[in-house]
Amino acid sequence: MNDVLTSLLTLSGALLVLAAAIGVLRLPDVLCRAHAVAKALTLGIFLMLLGLWVDQGQKQAALKIFLAIFFQVVTIPIGSHLIALLAFEKNIPRWRHRPIEDHRRAGGSNAVPHPGGGTPSSDESDRPAH
Amino acid sequence: MKSFALNLLIAVIWLLLAPEPSAGAFALGCLLGFALLGVFRPVLGSGDYIRRVFALGRFLLVFTWEFLAANVNVVWTVLFRARTSLNPNFVTYDVAGLRPFEILLLSHCISLTPGSTTVQVTDDFQTLVLHTLDVGDPAAVRARLDRVLKRGILSFTR
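Just so you know, the sequences run in chain order A and B. Mind the numbering: the first sequence is residues 6 to 135 in my numbering, read in order. Mind the numbering: the second sequence is residues 9 to 166 in my numbering, read in order.
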C-alpha cells in the first residue's frame with residue numbers, strides 16, 4: 006500500500022516538474038514562463054517530497070521533510086515573482102504587448118508608470134485602455 | 009495572541025505527559041488545547057481565536073482547491089494550447105488599506121492561484137501589479153481575487 010502511494014506521489018510530482026520544464030520551453034515570453042514555474046514546480050516538488058515522506062516513514066523523516074516542503078513552497082513562488090519583477094522593470098519584450106490594465110486609469114491618472122526608461126513605447130502610451 | 013500561547017502551552021504540557029514525545033502527541037495536544045479553549049470560551053475570552061482558526065482552516069481548504077486548479081490549468085496550457093491563443097497582460101489590483109503582512113500573504117497566494125502571478129508591489133503599498141495569462145475581462149480577474157483570496161485572508165487576519 007505504501008509502495009503504491011509512494012510511487013503515485015513521486016511520479017505525479019515528477020510529471021508536474023516535467024510539465025514545468027515543457028512550459029519553460031513552449032510558453033512565449035518570460036512572464037508566462039514564470040507562471041508555469043511558480044505553479045507546476047511548487048506542487049511537483051511538494052508531491053515528490055511527500056512521496057519521500059511516505060516512503061521513509063514517520064520515524065526517520067519526522068519533521069525534516071515538512072521543513073523542506075515548507076521552504077520549497079515558500080521560496081519557489083518568490084523566485085518566480087523576482088523573475089517577473091525583473092522582466093517588468095527591464096521592460097523585456099512580451100507576447101502581445103499591450104498597455105497595462107490599470108484600475109485607476111479610469112480616474113484620469115496612470116499611477117503606475119512603466120519603469121525602464123522615461124518614455125514608454127508608443128503602443129504603451131497612445132492606445133486607450135480597453 | 010494570548011489564546012494562541014495558551015493553546016501552545018497546553019500542547020507542550022500534553023507532550024510532557026505523553027509516554028514518548030512525538031509529532032503525533034504534539035498534534036493531539038494542540039487539538040485538546042483547542043477544544044479546551046473552545047469549551048471555556050466565555051471564561052477565557054478566546055472566542056476571537058476560535059473564529060480565526062476556523063477562518064484559517066476554511067481559507068486553507070479554498071486555497072488548496074485553487075492551487076490544484078492552477079496546476080491543472082498550467083498543465084493544460086502548457087501541453088495543449090497554441091501560443092497564439094494566449095492573451096497575457098499586466099493587471100493592477102487594489103490593495104489599499106491592507107497591512108504589509110496581509111499584502112505579503114496575498115501576493116504569495118496570488119502567485120499560486122490559477123492564471124495570475126504577482127509582478128510588483130508599488131512603493132506606496134497601494135497597488136499590486138499582476139501578470140495574468142488570459143485577460144478577458146480585468147474586472148472579472150479582480151472580482152475573483154476579491155472573492156476567493158482577499159476576503160479569505162482578511163477573515164483570519166482581522
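The beta-carbon is built from N, C-alpha and C at its ideal position, and this holds for glycine as well.
Item to check | Contacts of Trp100(A) in chain B (Cβ-Cβ under 8 angstroms) | outcome: Arg91, Leu94 and Pro96
Next on the checklist: Quick check on Phe48(B): buried or exposed, where buried means 16 or more other Cβ atoms within 10 Å of its Cβ?
Outcome noted: exposed
Checklist entry - Between Val127(B) and Phe109(B), which are expected to be in contact by the criterion C-beta below 8 angstroms, what is the C-beta distance as a whole number of angstroms? => result With a Cβ gap of about 20 angstroms, Val127(B) and Phe109(B) do not count as contacting.
Checklist entry - Can you name the residues of chain B whose CB is closer than 8 angstroms to the CB of Ser85(A)? => result Neighbours of Ser85(A) on chain B, chain order: Ser119 and Thr125.
Checklist entry - Would DSSP call Ser124(B) helix, strand or coil? => result strand
Checklist entry - Mapping DSSP to helix, strand and coil, what is Thr135(B)? => result strand
Next on the checklist: Quick check: is the beta carbon of Lys95(A) nearer than 9 angstroms to any beta carbon in chain B?
Outcome noted: no
Item to check | Helix, strand or coil at Ser114(A) according to DSSP, with G and I counted as helix | outcome: Note that Ser114(A) has pLDDT 44, beneath the 50 cutoff, so the model's placement of it is unreliable and the number below is only indicative. In this structure, Ser114(A) counts as coil in the three-state DSSP scheme.
Checklist entry - Using 8 angstroms as the Cβ pair cut-off and three pairs as the minimum, do the segment 56-65 of chain B and the segment 67-76 of chain A touch? => result no
Item to check | Neighbour list for Thr100(B) in chain A, Cβ cutoff strictly below 8 angstroms | outcome: Ile105, Glu106, Asp107, His108, Arg109 and Val117
Item to check | Same chain only: Cβ atoms within 7 angstroms of Leu36(B), ignoring 5 sequence neighbours per side | outcome: Closer than 7 angstroms at Cβ, skipping near neighbours: Trp22.
Next on the checklist: With a threshold of 9 angstroms between beta-carbons, can Val79(A) be considered close to chain B, or not?
Outcome noted: Output row for Val79(A): interface = yes.
Checklist entry - Okay, do the segment 71-84 of chain B and the segment 36-55 of chain A touch, 3+ Cβ pairs below 8 angstroms being the bar? => result yes
Checklist entry - Of all Cβ atoms in chain A, is any one closer than 9 angstroms to the Cβ of Arg150(B)? => result yes
Checklist entry - With 9 angstroms set as the bound, which would you pick, yes or no: does the beta-carbon of Ile70(A) sit closer than that to a beta-carbon of chain B? => result no
Checklist entry - Rounded C-beta distance between Ile74(A) and Leu54(A)? I'm assuming under 8 angstroms. => result 5 angstroms
Item to check | Where Ala73(A) meets chain B, residues with beta-carbon distance less than 9 angstroms | outcome: Correct list: empty, because the minimum Cβ distance to chain B is about 15 angstroms.
Checklist entry - Is the beta carbon of Gly62(A) sitting closer than 9 angstroms to the one on Leu13(A)? => result no
Checklist entry - Can you round the beta-carbon distance between Leu112(B) and Val103(B) to whole angstroms, since I take them to be within the 8 angstroms contact cut? => result Contact doesn't hold; Cβ gap of about 11 angstroms is too wide.
Checklist entry - Can you tell me whether Phe67(B) is buried or exposed, with buried defined as 16 or more other CB within 10 angstroms of its CB? => result buried
Next on the checklist: Let's test the definition: count the other Cβ atoms within 10 Å of the Cβ of Thr130(B) and tell me whether it reaches 16, buried, or not, exposed.
Outcome noted: Answer is exposed; the Cβ neighbour count stays below 16.
Next on the checklist: Just to check my reading of the structure: Val86(B) and Leu32(A) have Cβ atoms closer than 8 angstroms, yes? What is that Cβ distance to the nearest angstrom?
Outcome noted: Yes, Val86(B) and Leu32(A) are in contact; Cβ-Cβ is about 7 angstroms, under 8 angstroms.
Checklist entry - At least one CB of chain A closer than 9 angstroms to the CB of Glu78(B): is that the case? => result Per the sequence presented here, residue 78(B) reads as Ala, with Glu not at that position. A Cβ of chain A is located within less than 9 angstroms of the beta carbon of Ala78(B).
Checklist entry - In angstroms, rounded to a whole number, what distance separates the CA positions of Gly65(B) and Val79(A)? => result Straight-line spacing of the CA atoms in Gly65(B) and Val79(A) works out to 19 angstroms.
Next on the checklist: Along the segment 27-53 of chain A, where does the CB come closer than 8 angstroms to a CB of chain B? Name the residues.
Outcome noted: Residues of the segment 27-53 of chain A with a C-beta atom less than 8 angstroms from some C-beta of chain B are Ile27, Gly28, Arg31, Leu32, Pro33, Asp34, Leu36, Cys37, Ala39, His40, Ala41, Ala43, Lys44, Ala45, Thr47 and Leu48, listed in chain order.
Checklist entry - Does the distance from the C-beta atom of Leu106(B) to that of Phe71(B) stay below 9 angstroms? => result no
Next on the checklist: Quick check on Lys95(A): buried or exposed, where buried means 16 or more other Cβ atoms within 10 Å of its Cβ?
Outcome noted: exposed
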